[in-house]
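Take a look at the structure set out below.
Chains as they are written, first to last, in this note's numbering: chain A, 17 to 406; chain B, 417 to 1101.
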C-alpha cells in the first residue's frame, strides 16, 4: 500500500502519504482557484487583483506550519490539554462579540483581529469540540448508552459552542458542528432514540424559528424554486446553477468563467466550486470530488486503524470536520441543500478555515503514524473509494 | 502508550463504516446532481447564462473622409463621447440630477426631465467637450469608490444606468474651404447637404451589432478598444477639387468682391479636357463646422443651384453656333446700326458703344448686342435651339450633386417674338448656372466636345481599396474641331488691345475669353443699378489647360465684366497655372500678341508635386479684428481653436484630436494674416 513509506523504515515515523498528498493537492488547487475566481472582484474592490491570493498564500504558509505541528505532537498529549483547549476556544468565541478585537463584516461578528491576522475562532472551536468529544467518548465507552452520562453532558458542552456560533451569526457552521456532534455521539454508542428525539425536537424548533422569520422562510422558498425567485432571493443559487450548467462536461476553460464577473456573489468563498465547475466542467468537479473522497476515506481508514479508542474517535471527528462541510457545501452550490454561509474546505477563501483544516490533517497524520495495521490488515476501505475511482 | 484506552469495539467499527457509507451516499448523490446539471441541463443553462451575460450593442458607424485630389483632408471624423442613460433603471433621479447637472452643464430641472422620460434609452448630452468628458469620468470613478462593485443583481447602482458611449463627430479641418461643396451633416452623422448628402451611402459606413460581455454591474468587460473598427468605417470620397486651387479661387474671388463692394460672387475652375472641377468657390460661403450660423444662401452651392442671366458672355455660344452651322464665316460683316436697332415699334436694342460694320470676330471682341442679335437671326431658331441645347443649356449637367438647377432656355422654335430671339443672343431671357456656362465654354477648349462635369474622382474604402472610379465622360460633340479652334482665336481677341478684357491676361500667357455685364432682374424689370459682372475664359488660348469663370454679383463703382471680373480671372489663372506647373515662356514675353497660338506654354517637368504657394498677405473678408499675436492654444478644443484662429486669418493645419497640446508658431509670436500655423491635438486620456 505504501511501499515507499515502508522503505524509509524505522527512523522517521511513516505517515499516510495518500492522505497528505490529497490534502496538499486540495490546498494547492484552492489557491489557484481563489486567484482565478477573485481577481476581477479584487481589482474592482481593492484595486489589486492579488488582494485575496496574497492573503490566502500567507495563511497557507501558516497552515502548513500547523500541519507540521499537528503531525509532530503525539495526539495522546491532547488528552491532558483537552479542557484548557476547550476553554481557549470558548474564550475565543466570546471575544468576537467585543468590538475592540472582534471585527464585524456584513453584520456578522465572526472574526478576531490580531494585528495583520484575522482569525475565525469558530473554525478552531470545531476542532476543540471534536477533541473534547473524542476524549469523552473514549473514556465513557460502555456508559454511553445512559442519557445522563453519554448524551446530556456532551450536548450541553457542544450546545454552548453551537449556540455561540449561531449567535455570531454563523448558521452554517453551527449546523455543521451540530451534525458532527450527533454523528460522533452516534458512533460513540449513544442510543439512537436519544439522538432522534433530540433531532426531532431541534427540527421542530428550527422550523418554528424559520416559519416565524419571514426572511429565513423566504430563503427556504427560494431554495425550492430558484428560477422563480431568481431576481432577488434565489439570485445567488440561480447564478450558481447557471455557472455550473455553463461548464458542461468539459468546462469553459481556465479563467473563462463569466459568473465571477460579479454575477455570482461570494464567488471566491462559499461558491468557489461553481466557478471551478464552470471553468473545468464535470470532469473538474469529479477531480475535486475524488480528492475529497480520497481524503475522507483515508481519514476513516485512520480512524479504523487507530491504536486506541481516543485516536479512533478523534480521527473520525477530524475527518467529519473536513468531510461534512465539503458535502454540504457541494450540495448547497448545486441546489440540493438550502443556501447557507458555509465554505468549502481547502478551496474557499478563508485563512482560519484553511489553517484549521490543515491542522486537522496534521493530527490525522500523527494518528496514522501510530496505527497498528501490522497486526491484522483492516477490512478494505469500503464505499467511497469505489465510487469515485471511475 | 495508554493502556487505559483499548481499541474500539466491533460495533463502533461498524458504526464508523455506516457513517462512511452515509458520506459515500452523499458523494454519489452530488455526483449525479452535477452530472444532471452539467451534462444534461448544461446546454440549456449555458444558453440562459449567455443571454444574461451578453448584450447586443450597436456600433455606430464612422463616416468616411472627404479628400481633395491630392489626398488632403477636407472632412474627417473625430472621436467624441456622448452621455446616454436608461431612465427606467434609475431609482434616485433627484440625487443623480443634482450631481450630474453641473458636470454636464444642465440645470438640475432640465436633467431631471431628461432622466424621467418614459423611454428605455435617452441621449443625455451629445458630443461632450473634453473637459466635460473628463469631469464625467471623474464622477464615475468617484461612484465606483463610494459603492465598490456591487453584489448581485439587486445592487445595480444608479450610476451604472448613465454612461458614455463613443461617437464620431464630423470636422472640417480646412474650415470654410469649399464649404458649400462639402455640405454638412446632422448630429447623427447623416449628410444633409452637398457631397455629404449626395454620397451619404458611401460615406455613412455600416453600423454593426456586436455582442459584448457584461459584468453584473452592466459594465462592458472586454472592451477591445480599437480606435475605429474598420468594419464600420464609411468609404472615403476623393474629390476632383484641388485644395490649393480652391484656396486661390476663394481668396481672389473674395478680394475682387471686396474691391468692388460686391454682394457676392462665384468662381469655377475646370479642366476642359476632362471636365474635372478643380475649384468651386463662392461668396458668401460657409464653414461647415459652424453651418448653423450661416444663411441659406451661403450654404447652397450656388455655382450649380443658382441660375442667372449670363449677359454678353452668352454671345460666344451664339457665334459658335452660327459658325458651326456654317451660316457665317468669321470674316463676314454685319452692320451694327450705329448702336440702335429697331426691331419693332417699341422694341429697340442698344449697344453700349455705337458700331458701324463689324466682322463676326469683332462682334464678339467688341461685344455688340446688335451684331449678336443679327448673328442669331442668321442662324435661325431651329439651328440655334439645337446648338444651345447641345451646349447643355436648359438641362442638368448630371454632376450628381443635390439641388442642381437646370436653368431655363425657351423653345426657340416656338418663340414668335423676334425681340425674344434677339435678346437671347446677348444673354437676356435665358437663365444658366455658372457650371453650365463653364462646361459649355470648356467644350470649345476641348475641340468641341462637351464633357460631363466631374466633382468626385473616386471612392476609396477605409482600407484603401478603390470602390468606384469616375472617369471623364464626354457628353457629345457640340462643335467641329475647326469651329472650336476658330472660336478660341476669336475669343483671344477679346483679351487683346481693342477687346473688352485686356485686364484678364496673366503675364506671359494668352487668354481666350468673353466678358459679360448682365442686368439683374429686379421684380419683373431689368435693373439699371444691379449687374452681374462676368468673365469666363481659358488659358492658354491656343491649348487651354484651365477653363475659369468668374461671376461678381452687384459690384459697385465699376460694373463691367472686363473691369470687375477679368482681374479676378487673371489672378486665379496666374496662380493656378503656377501651382499646376505651367510657367510663362520668358523669351517670348510680349503682352497680348495678337495672333493665336504663337505662344506655347511649356509645362515644367519638374514642377513640385505638392506645391507650396506663397500667397500675398491678404486680409480675409471675415476677420473683424485680426489677431496680431499668436494666442496660447494649449488646452483648447478643436472647435475653440477654430473659433479663435478664425479671426487671425491664419491658414491652419490640425493634427490629432482632443485638446491642443502643441502649436507652431509658439504663443506670443507675431503673426500676420495669411500665415500658416500647425496645432497638435491629443485626446485627454
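Backbone N, C-alpha and C define an ideal beta-carbon position, used for all residues, glycine too.
Leaving aside the five residues that flank residue 1078 of chain B on each side, the residues in its chain whose CB is nearer than 6 Å to its CB run, in chain order, 1096. Residue 1073 of chain B places its beta carbon less than 8 Å from that of residue 1054 of chain B.
Distance from the CA atom of residue 499 of chain B to the CA atom of residue 493 of chain B, rounded to whole angstroms, is 18 Å. The way I'd put it, the stretch 962-978 of chain B does touch the stretch 905-923 of chain B; three or more beta-carbon pairs between them come closer than 8 Å.
Taken through DSSP and simplified to helix, strand or coil, residue 965 of chain B comes out as strand. DSSP links residue 929 of chain B through a beta bridge to B:953. The alpha-carbon separation between residue 93 of chain A and residue 278 of chain A amounts to approximately 47 Å. Chain-order list of chain B residues neighbouring residue 352 of chain A: 445, 446, 449, by C-beta distance under 8 Å. Ranking B:721, B:616, B:748 by CA distance to the CA of residue 482 of chain B puts B:616 first. Counted as a single uninterrupted DSSP element, the stretch harbouring residue 500 of chain B is not any alpha helix (DSSP H) but the beta strand (DSSP E) occupying residues 489-501. Within chain A, the residues 320 have their CB atoms less than 7 Å from the CB of residue 429 of chain B, given in chain order. The alpha-carbon of residue 730 of chain B is positioned some 24 Å away from that of residue 668 of chain B.
Here residue 756 of chain B is exposed, its C-beta having fewer than 16 other C-beta atoms within 10 Å.
In this structure, residue 649 of chain B lies away from residue 736 of chain B, with their beta-carbon atoms at least 8 Å apart. Taking the beta carbon of residue 462 of chain B as reference, the chain A residues within 7 Å of it are 261, 262, 264, listed in sequence order.
Within the DSSP bridge table, the entry for residue 607 of chain B names B:601 as partners. Taking 8 Å as the upper bound on Cβ-Cβ separation, chain B lies near residues 199, 202, 203, 204, 205 of the stretch 177-208 of chain A. For residue 387 of chain A, no chain B residue has a Cβ inside 9 Å of its Cβ, as the nearest lies near 11 Å away. Inter-residue distance for residue 248 of chain A and residue 817 of chain B is about 59 Å (C-alpha atoms, whole angstroms).
Nearest in C-alpha terms to residue 614 of chain B, of all of B:879, B:535, B:1059, B:820, is B:820. Per DSSP, the continuous alpha helix (DSSP H) segment holding residue 528 of chain B begins and ends at 524-531. The beta-carbon of residue 234 of chain A is placed no less than 8 Å from the nearest beta-carbon of chain B.
Close CB contacts of residue 299 of chain A within its chain, under the 8 Å cut and outside five residues either way in sequence, are with 265, 266, 267 (chain order). Along the stretch 714-797 of chain B, the beta strand (DSSP E) occurs as fully enclosed runs of 3 or more residues at 749-751, 756-758, 764-766, 773-775, listed in sequence order. DSSP lists B:698, B:967 as the bridge partner or partners of residue 682 of chain B. The alpha-carbon of residue 194 of chain A is positioned some 23 Å away from that of residue 314 of chain A.
CA-to-CA, the gap between residue 835 of chain B and residue 794 of chain B works out to about 14 Å. Among the residues facing chain A, residue 439 of chain B is included, as its CB has a counterpart in that chain under 8 Å away.
At least 8 Å separates the CB of residue 283 of chain A from every CB of chain B.
The DSSP-derived three-state label of residue 618 of chain B is helix.
Contact residues of the stretch 354-365 of chain A toward chain B are absent (C-beta to C-beta distance below 7 Å). By the 16-neighbour rule on beta-carbons within 10 angstroms, residue 382 of chain A is buried. Distance from the CA atom of residue 96 of chain A to the CA atom of residue 69 of chain A, rounded to whole angstroms, is 38 Å.
Only residues of its own chain outside the window of five on either side were considered, and among them 165, 166 have a CB closer than 7 Å to the CB of residue 159 of chain A, listed in chain order. Interface residue (Cβ-Cβ distance to chain A less than 8 Å): residue 458 of chain B is classified as such. Three or more beta-carbon pairs separated by less than 8 Å are not found between the stretch 879-895 of chain B and the stretch 948-956 of chain B, which leaves the two stretches without contact.
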